[in-house]
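In this note's numbering, the protein residues as written are 212 to 458. Here the structure comes first, spelled out in structure tokens, and everything after it is commentary.
What follows is the structure in structure tokens.
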């Protein structure tokens, strides 16, 4: 099966591409790094020629609702239109647990993206996953202040990106399901503890200061609005086990 992966060079996208190939399928990478801008209809049309299934794991680096919304409306709108024209039989979207309970910042764009898939004519499946274990390192790199390491407070239930990739590929080859069961890690964690463990994984001990980041999105995360609810699929490893293997 020929499976296109939008965002195929990102944190989870590259793992999806590896999983597609390992499963004996033919991956097609859609990303600017691979020469395909998702806003470019002609380039997207060419990339989707002969594609049977599509996995959308594309992202944009912003915390602004307007920027996120504009990106996903343009990129996913173009992608779905090209998929329809190419006769793609199934489109799978990677989304985030709790975006409808906490529709602020980046999540606002994901809400719009889900609506595009749900209203579109390409048969679809949406998988919502919690934050990845890699999230701790991403936040830590953005929250360094000189010698100090700030650690935003939040409640999360992180999952290994490789587990998300495996689930996306399994869904892609299984046919359209609508909303699939949410995917989360095995237990709730405190983001500030994860960041402390991340920055100290090499034996260094920089000062780590927990902080409450202002803004509606982070308030929602501190309140647990992005935690999984009953019925979610839980997949290991825990963050500590993952960090021990990847530190």
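For every residue, glycine included, the Cβ atom is placed at its ideal position computed from N, Cα and C.
Candidates the options: closest to residue i by CA position
{"i": "residue 448", "options": "226, 412, 368, 271", "result": "368"}
{"i": "residue 273", "options": "350, 344, 370, 230", "result": "350"}
{"i": "residue 275", "options": "257, 321, 269, 382", "result": "321"}
{"i": "residue 443", "options": "429, 436, 412, 396", "result": "396"}
{"i": "residue 281", "options": "299, 254, 317, 297", "result": "317"}
{"i": "residue 366", "options": "380, 328, 287, 421", "result": "421"}
{"i": "residue 438", "options": "398, 456, 419", "result": "398"}
{"i": "residue 389", "options": "305, 233, 260", "result": "305"}
{"i": "residue 298", "options": "261, 212, 328, 310", "result": "261"}
{"i": "residue 236", "options": "268, 309, 401, 384", "result": "384"}
{"i": "residue 233", "options": "381, 283, 424", "result": "381"}
{"i": "residue 407", "options": "378, 342, 354", "result": "354"}
{"i": "residue 435", "options": "400, 379, 418", "result": "400"}
{"i": "residue 341", "options": "415, 362, 450, 256", "result": "450"}
{"i": "residue 429", "options": "379, 309, 226", "result": "309"}
{"i": "residue 352", "options": "405, 214, 440", "result": "405"}
Per-residue DSSP class, three states only, for residue i
{"i": "residue 352", "result": "helix"}
{"i": "residue 368", "result": "coil"}
{"i": "residue 281", "result": "helix"}
{"i": "residue 391", "result": "coil"}
{"i": "residue 407", "result": "helix"}
{"i": "residue 400", "result": "strand"}
{"i": "residue 330", "result": "helix"}
{"i": "residue 412", "result": "coil"}
Contact set for residue i: own chain, Cβ-Cβ below 8 Å, skip 5 residues either direction
{"i": "residue 453", "result": "344, 371"}
{"i": "residue 252", "result": "289, 292, 293"}
{"i": "residue 254", "result": "246, 247, 248"}
{"i": "residue 327", "result": "283, 284, 287, 288, 291"}
Pair within 7 Å by beta-carbon distance, residue i and residue j
{"i": "residue 258", "j": "residue 220", "result": "no"}
{"i": "residue 224", "j": "residue 231", "result": "no"}
{"i": "residue 228", "j": "residue 240", "result": "yes"}
{"i": "residue 339", "j": "residue 413", "result": "no"}
{"i": "residue 278", "j": "residue 250", "result": "no"}
{"i": "residue 409", "j": "residue 357", "result": "no"}
{"i": "residue 270", "j": "residue 331", "result": "no"}
{"i": "residue 360", "j": "residue 425", "result": "no"}
{"i": "residue 427", "j": "residue 315", "result": "yes"}
{"i": "residue 462", "j": "residue 419", "result": "Residue numbering for the chain in the displayed model covers 212 to 458; residue 462 lies beyond these limits and cannot be assessed."}
{"i": "residue 446", "j": "residue 374", "result": "yes"}
Own chain residues within Cβ distance below 6 Å of residue i, not counting five before or after
{"i": "residue 302", "result": "265, 294, 333, 335"}
{"i": "residue 324", "result": "283, 287"}
{"i": "residue 364", "result": "403, 421, 423, 433"}
{"i": "residue 377", "result": "230"}
Same chain only: Cβ atoms within 7 Å of residue i, ignoring 5 sequence neighbours per side
{"i": "residue 311", "result": "322"}
{"i": "residue 387", "result": "301, 334, 335, 336"}
{"i": "residue 296", "result": "256"}
{"i": "residue 222", "result": "343, 345, 372"}
Inset, instruction - Ignoring anything shorter than 3 residues or poking outside the stretch 416-452, list the beta strand (DSSP E) runs there in chain order. - result: DSSP runs (the beta strand (DSSP E)) wholly in the stretch 416-452: 419-422.
Inset, instruction - For the stretch 215-274, list the alpha helix (DSSP H) runs that are entirely contained and at least 4 residues long, ordered along the chain. - result: Fully enclosed alpha helix (DSSP H) runs of 4 or longer: 224-233, 252-258.
Legend entry - Inside the stretch 283-324 only - beta strand (DSSP E) runs reaching at least 3 residues: You should have 301-307.
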